[in-house]
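Novice: Taking my numbering, the leading residue of the first sequence gets 20, the next gets one more, and so forth.
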Amino acid sequence: MINLKELLNSNQYKAVTTIDGPILVIAGAGSGKTRVIEYRVMYMAQNHIDPKSILLLTFTRRAAHEMLSRACKHEPKCSQVNGGTFHSFAYKLLKRYSKQLGFENSFTILEEGESEEAIHNCCARLNYLKKEKRFPKKDTLRAIISMSINKNSPIKDILEKEYPHFSDYGTEVENIRQKYIEYKLNSNSLDYDDLLVYLRILLTDNKEIRERLAAQYKYIMVDEYQDTNFLQGDITFLLGEAHKNIMVVGDDAQSIYGFRGACHTNIMAFPDKFPGCQIIKLEDNYRSTQTILDVANSVLANMQNRYSKCLIATKKETGDKPKLLQFKNTYDEAEWITRRIKDLRDDGVALHHQAVLYRSAYISIPLQAELSKRNIPYQVYGGRKFYETAHVRDALSHLKIMVNPRNELAWHRALTLIKGIGPKNAERIFGQISAASDVKGILSKAGELCKDNKSRFANDLRKLILVLDETSKSKDVGEAFEIILEYYTPILKRIYDDWNSRINDLEALSEIAGRYNSLEELLADFAIESPERGTREVKPELPDEELPLTMSTIHSAKGLEWDTVFIIGMTDGILPSKFSLDDVNEVEEEHRLFYVAVTRAKNRLFLSLHHEGFEQGLTQFNKISRFLDEPNIISKLQRKGLSLGSDDETTEQNKTTDDRILRGYNKKELLRRIDEMLKH
DNA sequence: CAGACGACATTTTTT
DNA sequence: ATGTCGTCTG
Numbered sequence: 020m021i022n023l024k025e026l027l028n029s030n031q032y033k034a035v036t037t038i039d040g041p042i043l044v045i046a047g048a049g050s051g052k053t054r055v056i057e058y059r060v061m062y063m064a065q066n067h068i069d070p071k072s073i074l075l076l077t078f079t080r081r082a083a084h085e086m087l088s089r090a091c092k093h094e095p096k097c098s099q100v101n102g103g104t105f106h107s108f109a110y111k112l113l114k115r116y117s118k119q120l121g122f123e124n125s126f127t128i129l130e131e132g133e134s135e136e137a138i139h140n141c142c143a144r145l146n147y148l149k150k151e152k153r154f155p156k157k158d159t160l161r162a163i164i165s166m167s168i169n170k171n172s173p174i175k176d177i178l179e180k181e182y183p184h185f186s187d188y189g190t191e192v193e194n195i196r197q198k199y200i201e202y203k204l205n206s207n208s209l210d211y212d213d214l215l216v217y218l219r220i221l222l223t224d225n226k227e228i229r230e231r232l233a234a235q236y237k238y239i240m241v242d243e244y245q246d247t248n249f250l251q252g253d254i255t256f257l258l259g260e261a262h263k264n265i266m267v268v269g270d271d272a273q274s275i276y277g278f279r280g281a282c283h284t285n286i287m288a289f290p291d292k293f294p295g296c297q298i299i300k301l302e303d304n305y306r307s308t309q310t311i312l313d314v315a316n317s318v319l320a321n322m323q324n325r326y327s328k329c330l331i332a333t334k335k336e337t338g339d340k341p342k343l344l345q346f347k348n349t350y351d352e353a354e355w356i357t358r359r360i361k362d363l364r365d366d367g368v369a370l371h372h373q374a375v376l377y378r379s380a381y382i383s384i385p386l387q388a389e390l391s392k393r394n395i396p397y398q399v400y401g402g403r404k405f406y407e408t409a410h411v412r413d414a415l416s417h418l419k420i421m422v423n424p425r426n427e428l429a430w431h432r433a434l435t436l437i438k439g440i441g442p443k444n445a446e447r448i449f450g451q452i453s454a455a456s457d458v459k460g461i462l463s464k465a466g467e468l469c470k471d472n473k474s475r476f477a478n479d480l481r482k483l484i485l486v487l488d489e490t491s492k493s494k495d496v497g498e499a500f501e502i503i504l505e506y507y508t509p510i511l512k513r514i515y516d517d518w519n520s521r522i523n524d525l526e527a528l529s530e531i532a533g534r535y536n537s538l539e540e541l542l543a544d545f546a547i548e549s550p551e552r553g554t555r556e557v558k559p560e561l562p563d564e565e566l567p568l569t570m571s572t573i574h575s576a577k578g579l580e581w582d583t584v585f586i587i588g589m590t591d592g593i594l595p596s597k598f599s600l601d602d603v604n605e606v607e608e609e610h611r612l613f614y615v616a617v618t619r620a621k622n623r624l625f626l627s628l629h630h631e632g633f634e635q636g637l638t639q640f641n642k643i644s645r646f647l648d649e650p651n652i653i654s655k656l657q658r659k660g661l662s663l664g665s666d667d668e669t670t671e672q673n674k675t676t677d678d679r680i681l682r683g684y685n686k687k688e689l690l691r692r693i694d695e696m697l698k699h
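Here it is in C-alpha cells:
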C-alpha cells in the first residue's frame, strides 16, 4: 500500500484525500498537478468508490491517458474511470441520447475541412461567391461563426473586433450561419462546436437526463480549467450541480486558449458557482531548477496582470544557466541547435527528454530539415494535423460513405477523384443515388446508373461502386481499408507528384485502422481525438535511447515537461505573434504562452532567435522579442556572443558554431549583410 | 464541363 | 513555400 503522506506535500495530500464537495485547485506550473490527479483517482478507487462513477475531463486525450495509465499502475481498477476531452465526452453522450435530440439514427461529425466545404456550399447557394473580391473565404467564415459560438458573442461584434475589414458583411455572414445550421440539421451532421452546444442543450432542457448523468458520474474532475470556455463551464456546472463533488484544477497564469473562447473567468467564478468550495493552492515547484524559475518569475512580473505568484524550486541546482542564443539566420540556428541536441544526447540526455518548442508550426521547418539531415529522429506535435492532409481525407471519404451513405461531402470527394467527374457531375450523380437510405440501396442505384451510361467516366465509376460494395461486405476494418487503399493508390499516383511520402502516411493509417473494431469508431476517433502525425503509439516499447526528440507548438506542449527545452523563434512578431500586437489582451496571452514554454524545462533551457527574416520575398530584420527586452529577463540569461563569461561549452565543435553566433546585438552588421543580399 | 495552368494572396495557436 | 481562385482550352 502506498503511503500518500510520504509522497505528497500537505496541500497535495489535502487535494488528493478530500473527496466530497467542491474544490478549486490552483496549481502553479510544475507543482505536481498531474500527481494529484493520478493519486486522487487511485485513492478514490481504493476507498470503495466505483471507478465507473468517476469522470475525468481533460484538455487532450494525451493528458487523460497519461494520468489514468499512471493511476492504473497503482490500482488496476482505475482503468474503468471515464476520461477524455469535453468533446469526446459530449460525443459519447450525444450518441447515447441522439434520439432525444431528434436525430434519426446517428450523426456524422464534420471535421474542420468538411465544415468549410459545407459553408462554401452555403455561400454558393446564397450567391455570395460572385460578390466583390474582398468577401471572406470559407476558412475565415468558419472561424468567425465558430468564434461567435465559443465566445458567446454576436457575429457583428466578432467582425468588428477581430475582422474589422469584413465588418460590412454582418448580414451576409449571419445568413451563411443560418444556412449552415440548416445544412447540418438536414444532413445529420455536427461540427466540433455543436458537440458542446448540443450537450448543453441536452443537459439544460432535460432534467431527467441531467439527473441520470449526475447519478452516474458522482465524482467529477476537470483539468486545465483556466482554458475552458463558457460552454464547457456551463456543462461542468450542469453535471456537478446535483452532488457538487467536483474538483477543478487550473492555473490562471497559464491560460492560453483565449482565441478559442477560453474565459479564465470560469476559474475565478468557480467559488461563486459552488459556494463552500475549498480552495487549495499548490505552489512548490518540483520540476525546474531555481535559475529556470527565476526566468519564469521575471516573465510573470513583467505582465500587465499581476499574478501573485512566485515559483520556488524544491530541486537543487544543476549549474546550467538558461541561455539566450542569437544567430544570423535560420540555418545557423538550426545547425547549432541540432549539434547541441546531439551533444546532449551523447552526454546522456536521451532525445525524448529534449524538446524544441515554438509559437507557430512553420517556424520549425528549417530545423526539421536539419534534424533529418543529421539522422535525429523527431516527433512533431501541433500544427497541421495528419488527418487534414488531402490524401488522408481522400482515403477516409470512402470509409465515410460506408458509415453514412448519405454523406454528401464524402461522396463528392470520392466522385471527383474519378477522371472526368467534376463538381457538376458529382452533384448530379449524388442527386440520383441519394434517395436510398442504406449502403446497399445506394450502391444498387449507383450500379443501375452505370449500366447504360456511355459517358467517359462510366467505367471508372463502375469500379468505384464495385470497390465500395466489396468494402461494405468486409467485416474487418483493416481489411476494408486495404481494399480502399488498393483502389486509391493509382489515383494518388496520378494526382500528386509527391505520392511517395503520402503512401507512407496511408500505410501508417492502415496500421491504425486495423486496431479498430468498427468503422464508426475509427472515424469518430479521427475527428475528435486526432491522432498525432507519425507512429508515436505504434512502438511504445522502444528503449529510452531510441525514442524521438519532441518538436511541438507551445500550445501542444501544455502540461508536459522535458529535461532540456529549446524555445526557438524568440523574435517580435513570432512570440508575440504579429497578429496579437494591436490588442493588449492578446499580447498578454502571448506573454502567458511564453511563461508556459519556459516552465516546461526541468534542467536546461535555451532561448534562441535569428535576425535575418524573410517575409513576402523581402529580407527583413527580426528584432528580439519584447518579452526578452524587459526588466530583469536578460540578466537572468547567459547570452552567447554577448556575455563572455565562463562557459562550459569549449569543445572544438562548439567553438566553430559559436563563432557564427552574432557578436552582440549588432544591427549595423546585419543591415549591411541584408544590403549585400538584396544586390543579388 | 473538367482539368490544367498561372496569378494571387497568405501564412497563429486547437477540439 | 503553399494553397486557393479565376481563366482558358479542349
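Built from N, CA and C at the ideal position, the CB exists for glycine as well.
So Cys141 packs on Leu148, CB below 8 Å; how close in whole Å?
Specialist: For the purposes of this step, residue 141 is taken as residue 122 along the first sequence, with counting starting at 1. For the purposes of this step, residue 148 is taken as residue 129 along the first sequence, with counting starting at 1. So it is not a contact: roughly 10 Å between Cβ atoms.
Novice: Could you pull the DSSP bridge partners for Ile586 from this structure?
Specialist: Translated into positions along the first sequence, residue 586 becomes position 567. For Ile586, which the question treats as bridged, DSSP gives the partners Leu376, Leu626.
Novice: I'd like to confirm the pairing. Which residues does DSSP put opposite Ser571 in its beta bridges?
Specialist: Residue numbering aside, residue 571 sits at position 552 when the first sequence is read from its first letter. Looking at the DSSP assignment, Ser571 forms a beta bridge with Leu376, Tyr400.
Novice: Residues in the same chain with beta-carbon distance under 7 Å from Lys642, minus the five sequence neighbours each way, listed in chain order, please.
Specialist: To locate residue 642, count along the first sequence from 1; it is residue 623. Taken in chain order, the residues that qualify are Thr590, Asp591.
Novice: If we ignore side chains and look at the alpha-carbon of each, how far apart do Lys203 and Glu427 end up?
Specialist: Position 184 of the first sequence holds residue 203. Position 408 of the first sequence holds residue 427. Cα to Cα, Lys203 sits roughly 11 Å from Glu427.
Novice: Could you pull out every unbroken alpha helix (DSSP H) segment of at least 4 residues lying fully inside the stretch 184 to 265, listed in chain order?
Specialist: The qualifying runs are 189 to 205, 211 to 224, 226 to 235, 249 to 259.
Novice: When the Cα atoms are used, what is the spatial distance from Gly578 to Ala64?
Specialist: As a position in the first sequence, residue 578 is number 559, starting the count at 1. As a position in the first sequence, residue 64 is number 45, starting the count at 1. Approximately 24 Å, taken between the alpha carbons.
Novice: Would you call Ile360 buried or exposed, if buried means 16 or more other Cβ atoms sit within 10 Å of its Cβ?
Specialist: Taking the first residue of the first sequence as 1, we reach residue 360 at position 341. So Ile360 counts as buried.
Novice: In the structure shown, what three-state DSSP assignment does Val368 receive?
Specialist: Numbered from its first residue, the first sequence carries residue 368 at position 349. Residue state, collapsed to three classes: coil.
Novice: From the DSSP output, which residues share a beta bridge with Thr104?
Specialist: Against the first sequence, residue 104 aligns to sequence position 85. Thr104 is bridged to Thr77.
Novice: For the beta strand (DSSP E) that Phe346 lies in, which residues bound it at each end?
Specialist: Translated into positions along the first sequence, residue 346 becomes position 327. Phe346 -> beta strand (DSSP E) spans 342 to 346.
Novice: Give the single residue among Ser474, Lys655, His371 whose Cα lies nearest to the Cα of Leu566.
Specialist: Taking the first residue of the first sequence as position 1, residue 566 is located at position 547. Nearest of Ser474, Lys655, His371 to Leu566, Cα basis: His371.
Novice: Put Val422 into one of helix, strand or coil per three-state DSSP.
Specialist: As a first step, residue 422 must be located in the first sequence, where it is residue number 403. In this structure, Val422 counts as helix in the three-state DSSP scheme.
Novice: Once DSSP output is grouped into helix, strand and coil, what is the label at Gly450?
Specialist: Residue 450 sits at position 431 when you count from the first residue of the first sequence. It is helical.
Novice: Under three-state DSSP, which class holds Leu120?
Specialist: Here residue 120 refers to the residue found at position 101 when the first sequence is read from its first residue. It is coil, neither helix nor strand.
Novice: Report yes if the CB atom of Val268 is closer than 8 Å to the CB atom of Lys597, and no otherwise.
Specialist: Within the first sequence, residue 268 is the residue found at index 249, counting from 1. Within the first sequence, residue 597 is the residue found at index 578, counting from 1. Taking 8 Å as the Cβ cut-off, Val268 and Lys597 do not qualify as a contacting pair.
Novice: In chain order, which continuous runs of the beta strand (DSSP E) of length 3 or greater are located wholly inside the stretch 39 to 91?
Specialist: The stretch 39 to 91 contains these whole beta strand (DSSP E) runs: 42 to 46, 73 to 77.
Novice: If you compare alpha carbons, which of Pro595, Pro41, Ser599, Gln657 is closest to Ala288?
Specialist: As a first step, residue 288 is located in the first sequence; it is residue number 269 there, counting from the start. Nearest of Pro595, Pro41, Ser599, Gln657 to Ala288, Cα basis: Pro41.
Novice: Out of curiosity, what's the CA-to-CA distance linking Ile177 and Tyr406?
Specialist: Counting from one through the first sequence, the residue named residue 177 turns up at place 158. Counting from one through the first sequence, the residue named residue 406 turns up at place 387. Ile177 and Tyr406: Cα-Cα distance of roughly 29 Å.
Novice: Compute the distance between the beta-carbons of Tyr614 and Ala315, then report whether it is under 8 Å.
Specialist: Reading the first sequence from its first residue, position 595 is the one you call residue 614. Reading the first sequence from its first residue, position 296 is the one you call residue 315. The answer is yes: Cβ separation under 8 Å.
Novice: Using beta-carbon positions only, say whether Met593 and Ile382 come within less than 8 Å of one another.
Specialist: In the first sequence, residue 593 corresponds to position 574, counting from 1. In the first sequence, residue 382 corresponds to position 363, counting from 1. The sequence shown places Ile at residue 593, not Met. It is a contact, given that the beta carbons lie within the stated cut-off.
Novice: If you run the structure through DSSP and keep just helix, strand and coil, what is Ala143?
Specialist: Along the first sequence, one-based indexing puts residue 143 at 124. Correct three-state label for Ala143: helix.
Novice: Measure from the alpha carbon of Gly466 to the alpha carbon of each residue in Gln197, Arg521, Ile484, Thr190, then state which is nearest.
Specialist: Position 447 of the first sequence holds residue 466. Selected option, being the one with the closest Cα: Ile484.
Novice: What does a CB cutoff of less than 8 Å around Tyr110 pick up in its chain, not counting 5 residues either side in sequence?
Specialist: Start at 1 with the first residue of the first sequence, and residue 110 comes out as number 91. Contacts found: Ile128, Leu214, Ala543, Ile547.
Novice: Once you ignore the five residues that flank Ser416 on each side, which residues in its own chain have a CB closer than 7 Å to its CB?
Specialist: Numbered from 1 along the first sequence, position 397 holds the residue referred to as residue 416. The answer, listed in chain order, is Ala429, Arg432, Ala433.
Novice: Count the C-beta pairs between the stretch 493 to 507 and the stretch 524 to 532 that are closer than 8 Å, then say yes if the count reaches three, no if not.
Specialist: Touching, yes, given that three or more Cβ pairs across the two stretches are closer than 8 Å.
Novice: Can you tell me whether Cys329 is buried or exposed, with buried defined as 16 or more other CB within 10 angstroms of its CB?
Specialist: Translated into the one-based positions of the first sequence, residue 329 becomes position 310. So Cys329 ends up on the exposed side.
Novice: Does the distance from the CB of Gly277 to the CB of Glu608 come in under 8 Å?
Specialist: Counting from one through the first sequence, the residue named residue 277 turns up at place 258. Counting from one through the first sequence, the residue named residue 608 turns up at place 589. Yes. Within cutoff.
Novice: If Ala455 sits next to Ile448, beta carbons under 8 Å apart, how far is it from one beta carbon to the other, in whole angstroms?
Specialist: Walking along the first sequence from the start, residue 455 turns up at place 436. Walking along the first sequence from the start, residue 448 turns up at place 429. Wrong, their Cβ atoms sit about 13 Å apart, outside the cutoff.
Novice: Would you say Met86 and Leu75 are within 8 Å of each other, going by their C-beta atoms?
Specialist: As a working mapping, residue 86 is identified with position 67 in the first sequence. As a working mapping, residue 75 is identified with position 56 in the first sequence. It is a contact, given that the beta carbons lie within the stated cut-off.
Novice: Nearest CA to the CA of Arg80: which residue from Ile254, Asp246, Phe108?
Specialist: Indexing the first sequence from 1 puts residue 80 at position 61. Taking only the C-alpha atoms, the option nearest Arg80 is Phe108.
Novice: Between the alpha carbons of Glu260 and Leu43, how many angstroms are there, rounded?
Specialist: As a first step, residue 260 is located in the first sequence; it is residue number 241 there, counting from the start. As a first step, residue 43 is located in the first sequence; it is residue number 24 there, counting from the start. Approximately 15 Å between the Cα atoms of the pair.
Novice: Counting only the same chain and skipping the five closest in sequence on each side, list residues whose C-beta sits under 7 Å from that of Gln251.
Specialist: If you number the first sequence from 1, residue 251 lands on position 232. Result list for Gln251: Phe105, Leu215, in chain order.
Novice: With DSSP as the reference, label Gln309 as helix, strand or coil.
Specialist: Translated into positions along the first sequence, residue 309 becomes position 290. In this structure, Gln309 counts as helix in the three-state DSSP scheme.
Novice: If you draw a straight line from the alpha carbon of Asp678 to that of Glu193, how long is it in whole angstroms?
Specialist: As a working mapping, residue 678 is identified with position 659 in the first sequence. As a working mapping, residue 193 is identified with position 174 in the first sequence. Its pLDDT being 37, under 50, Asp678 is placed unreliably in this model, and the coordinates cannot settle the point.
Novice: What does the alpha-carbon distance come out to for the pair Pro595 and Gln273?
Specialist: The residue you call residue 595 lines up with position 576 of the first sequence. The residue you call residue 273 lines up with position 254 of the first sequence. Roughly 15 Å separates the two Cα atoms.
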